[in-house]
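Asks:
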Amino acid sequence: MDWRRFVERIDDYRWEISRSYKAGMRVPARIYASEDLLRTAADEEAFDQAANVAFLPGIVWRSLAMPDIHQGYGFPIGGVAAMRLDDGVVSPGGVGFDINCGTRILLTNLTEDAVRPRLVQLANQLFRDVPAGLGGEGPVRVTDGELDAIMRRGAAWMVEEGFGRAEDLEVTESGGALEGADPACVSKRARDRGRAQLGTLGSGNHFLEVQALDEVLDEPIARRFGLGDPGQVVVFLHTGSRGFGHQICQDFLDIMEPAQRRYEIELPDRQLACAPIDSPEGRRYLAAMAAAANFAWANRQCITELARRAFARVFERPIEALGMDLLYDVGHNSAKVEDHTFAGRPLRLCVHRKGATRAFPAGHPELPERYRDVGQPVLVPGDMGRYSYVSVGLPAAMEETWGSVCHGAGRVQSRNAAKRMLRGVDLVKRLRDRGIIVRAQNPRLLAEEASEAYKDVSRVVEVLEHAGISHTVARLRPLAVVKG
DNA sequence: ATGTCC
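This is how it looks when you write it as structure tokens:
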């Protein structure tokens with residue numbers, strides 16, 4: 005069966021796969037994309053996955069796909085689905101393996117001109133100080149009891165240990181800790197994998213970049229976010245819950261497959277393994293997922309301080325003299341219980357965002373006071389050779405996408421295809437020729453992360469701007485890249 | 001994404 009026969013054009017940036025695509029879809033699947041993106045980056049597997057998500061019990065409104073959609077485990081990456089709490093399900097595949105993977109930006113008061121002469125030194129220092137790559141041990145050793153505290157308290161635990169400032173928590177989504185985390189729901193194996201990984205970057209698309217403000221697209225809002233003139237240097241961090249979240253996802257996939265059969269939930273793909281939200285399996289998953297989310301926030305908080313100290317060392321000034329304030333921290337892999345309005349009525353929902361960033365508009369009570377009247381900063385990483393973006397959530401996001409937008413550029417090439425295509429290409433040199441310094445733990449993995457492997461993030465962000473879901477505030481470009 | 005197969 006060909007999905008194209010069932011794709012209906014709503015407008016220039018909204019497309020829907022109708023319920024007639026497959027018997028059993030409870031709602032249509034909606035894709036946010038330009039015709040160009042839809043055609044050239046058409047990922048049939050991912051579209052099929054978006055349609056499969058529409059089978060899940062309790063799903064409300066639409067199975068949603070962002071313009072950076074690509075194939076994932078069960079759910080597409082770039083997928084959003086909200087379920088009713090009373091008759092809905094929660095699915096680990098709807099969150100992803102890297103639970104609460106997310107981004108944060110640190111502002112500096114340095115300019116590109118001031119940083120350039122010490123850029124290589126800075127890249128080297130960051131590469132030394134922020135452990136990266138598969139495995140990898142962090143600077144924090146924790147006992148079992150301390151790991152429990154991290155699971156419950158997230159970023160706040162790190163701040164108390166001297167990694168960061170109390171103000172950092174004010175500009176971290178959910179204050180850097182989800183409620184309801186229960187260490188008793190986390191396996192020993194997950195603990196063992198995570199114990200030494202706090203303060204580590206990881207591998208794959210994770211990175212720590214020194215970036216320059218390239219273009220300001222909305223000056224008043226940029227100023228409110230602490231972004232001033234082009235050339236201002238910022239630090240962009242993208243990482244998650246490492247092996248800890250990965251193991252929790254795997255543990256609950258193993259638990260939910262048989263549970264789903266017991267609850268007699270029939271789905272077109274076993275990767276959509278799920279359990280009712282209001283079931284022992286569902287509740288335990290959400291409690292373990294919250295623990296992993298909090299681990300991810302503690303991880304990003306720890307790396308934040310490592311980066312600040314590296315800057316202070318290279319520029320031989322106290323951290324405070326360099327600014328280094330946190331702009332914001334936001335996750336893009338989670339299932340969160342949130343209050344929304346649907347068909348004019350208040351509704352509490354479990355919102356799965358898998359490779360989709362929360363983007364709440366101005367006035368939302370969950371926003372920090374500092375940003376309450378402008379809206380939530382949305383941090384969208386691109387690829388290491390081009391751009392990243394800062395956007396802001398708009399009211400239409402609440403009305404259509406449960407306050408969600410894209411999370412990045414999205415792949416156009418599989419990791420293997422990118423590796424094949426770029427065999428023999430010296431990517432480090434190619435980037436250096438363009439003024440971008442790359443330090444990678446495993447340079448052989450760099451091909452998988454090359455610009456060619458990704459869509460142009462500018463085109464992705466543009467879709468959401470034109471659709472009125474989010475508003476683009478500023479464009480950033482990389483100066484130095486630290487990768488696993 | 002991931003001690004890329006306990």
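For the first sequence, this note's numbering gives the first residue as 5, with consecutive numbering after it. For each residue, glycine too, the CB sits at the ideal point set by N, CA and C. Just so you know, these numbers come straight off a predicted model, no measurement behind them.
So, for T112: in the same chain, excluding its five sequence neighbours on each side, which residues have a beta-carbon less than 8 Å away from its beta-carbon?
Replies: Once the five neighbours on either side are set aside, the close Cβ partners of T112 are Q236, V237, V238, V239, F315, L326, G327 and M328.
Asks: Tell me where the beta strand (DSSP E) around P482 begins and ends.
Replies: Note, P482: beta strand (DSSP E), S474 to K487.
Asks: Taking the Cβ atom as the reference point for each residue, do V465 and V384 lie within a distance shorter than 8 Å?
Replies: Yes; because the gap between Cβ atoms is below 8 Å, this pair is in contact.
Asks: Are at least three pairs of beta-carbons, each pair with one atom in the segment 137-150 and one in the segment 304-315, less than 8 Å apart?
Replies: Yes, the segment 137-150 is in contact with the segment 304-315.
Asks: What are the start and end residues of each continuous beta strand (DSSP E) run of 3 or more residues lying completely inside the segment 211-249, in chain order?
Replies: Counting whole runs of 3 or more residues, the segment 211-249 contains the beta strand (DSSP E) stretches 211-220 and 236-243.
Asks: Return the chain-ordered ranges of every alpha helix (DSSP H) run that is complete within the segment 125-166 and spans a minimum of 4 residues.
Replies: List check, alpha helix (DSSP H) in window: 148-157 and 159-164.
Asks: Kindly list the residues whose CB is nearer than 6 Å to the CB of Q417, restricted to its own chain and excluding five residues on each side of it in sequence; keep chain order.
Replies: Cβ within range, chain order: A457.
Asks: Classify K459 as buried or exposed, calling it buried when 16 or more other Cβ atoms lie within 10 Å of its own Cβ.
Replies: Looking at its Cβ environment, which holds 16 or more other Cβ atoms inside 10 Å, K459 is buried.
Asks: Could you check if E270 is buried or exposed, using at least 16 other CB atoms within 10 Å of its CB as the buried criterion?
Replies: E270 comes out exposed.
Asks: Enumerate in chain order the residues of its own chain whose CB-to-CB distance from A400 is below 6 Å, with the five nearest sequence positions on each side excluded.
Replies: Correct list, in chain order: G472 and I473.
Asks: If we ignore side chains and look at the alpha-carbon of each, how far apart do V84 and K192 end up?
Replies: Computed Cα separation, rounded: 30 Å.
Asks: Tell me which same chain residues have a C-beta within less than 6 Å of the C-beta of C189, skipping the five on either side of it?
Replies: Result list for C189: R288, A291 and A292, in chain order.
Asks: Report yes or no: do three or more beta-carbon pairs, one from the segment 88-99 and one from the segment 342-361, lie closer than 8 Å?
Replies: They touch, by the three-pair rule.
Asks: Suppose you measure from the CA of P234 to the CA of R169; what does that come to, to the nearest Å?
Replies: So the alpha carbons of these two residues sit roughly 27 Å apart.
Asks: Going by alpha carbons, who is nearest to I441 out of V119, G137 and A33?
Replies: I441 has its Cα closest to that of V119, out of V119, G137 and A33.
Asks: Using only the alpha-carbon positions, how far apart do L138 and L202 sit?
Replies: Taking the straight line from one Cα to the other gives about 13 Å.
Asks: Is the beta carbon of V355 sitting closer than 8 Å to the one on A366?
Replies: Going by C-beta atoms, V355 is not nearer than 8 Å to A366.
Asks: Roughly how many angstroms lie between the CA atoms of L435 and L449, to the nearest whole one?
Replies: For L435 and L449, the distance between alpha carbons rounds to 15 Å.
Asks: Express the C-alpha separation of P447 and A347 in angstroms, rounding to a whole number.
Replies: So the two alpha carbons sit approximately 51 Å from each other.
Asks: How big is the Cα-Cα spacing for P224 and L217?
Replies: Each residue's alpha carbon lies about 15 Å from the other.
Asks: CA-CA distance, I35 and M29?
Replies: Whole-angstrom Cα-Cα distance: 15 Å.
Asks: Excluding sequence positions up to five away, which residues of its chain have a Cβ less than 8 Å from the Cβ of L331?
Replies: Within the same chain, L331 has close Cβ partners R108, I109, L110, L111, V175, F229, G230, L231, V238, P381, L383 and V394.
Asks: By DSSP, does Y83 sit in helix, in strand, or in coil?
Replies: Position check: residue 83 holds Gly in this sequence, whereas Tyr was assumed. DSSP places G83 in strand when its eight states are reduced to three.
Asks: So is A294 buried or exposed if we call it buried at 16+ other beta carbons inside 10 Å?
Replies: Buried.
Asks: According to the Cβ coordinates, are Y391 and R479 closer than 8 Å?
Replies: Yes, Cβ-Cβ distance for Y391 and R479 is below 8 Å.
Asks: Here's the rule: buried if 16 or more other CB atoms are within 10 angstroms of the residue's CB, otherwise exposed. What is K433?
Replies: So K433 counts as exposed.
Asks: Among the residues of its own chain, which have a CB less than 6 Å from the CB of A263, if the five just before and after it don't count?
Replies: Correct list, in chain order: A279 and E285.
Asks: For V442, name the three-state secondary structure that DSSP assigns.
Replies: V442 falls in the strand class under three-state DSSP.
Asks: Checking 8 Å against the spacing of the C-beta atoms, do I103 and G249 come in under that value?
Replies: Yes. Within cutoff.
Asks: May I have the straight-line CA-CA distance separating P372 from W65, to the nearest angstrom?
Replies: Their backbone Cα atoms lie some 28 Å apart in a straight line.
Asks: Select from V318, P482 and E453 the residue whose C-alpha is nearest the C-alpha of H210.
Replies: The shortest Cα separation from H210 among V318, P482 and E453 belongs to E453.
Asks: Run the CB neighbour count on V124, radius 10 Å, all protein chains shown included, and call it buried at 16 or more, exposed below.
Replies: Result: exposed.
Asks: Just reading off the alpha helix (DSSP H) that A316 is part of, what are its end residues?
Replies: Looking at the DSSP string, the run of the alpha helix (DSSP H) that includes A316 is P284 to F319.
Asks: Would you please state the rounded distance, in angstroms, between the beta carbons of A413 and L431? I believe it to be under 8 Å.
Replies: The pair is not a contact, with the Cβ atoms about 17 Å apart (cut-off 8 Å).
Asks: Give me the residue from M388, D222 and F364 with the minimum Cα distance to E177.
Replies: Of M388, D222 and F364, the residue nearest in Cα terms is F364.
Asks: Going by CA-CA distance only, name the one from L483, S95, M388 and R157 that's closest to E183.
Replies: Considering only alpha carbons, the answer is R157.
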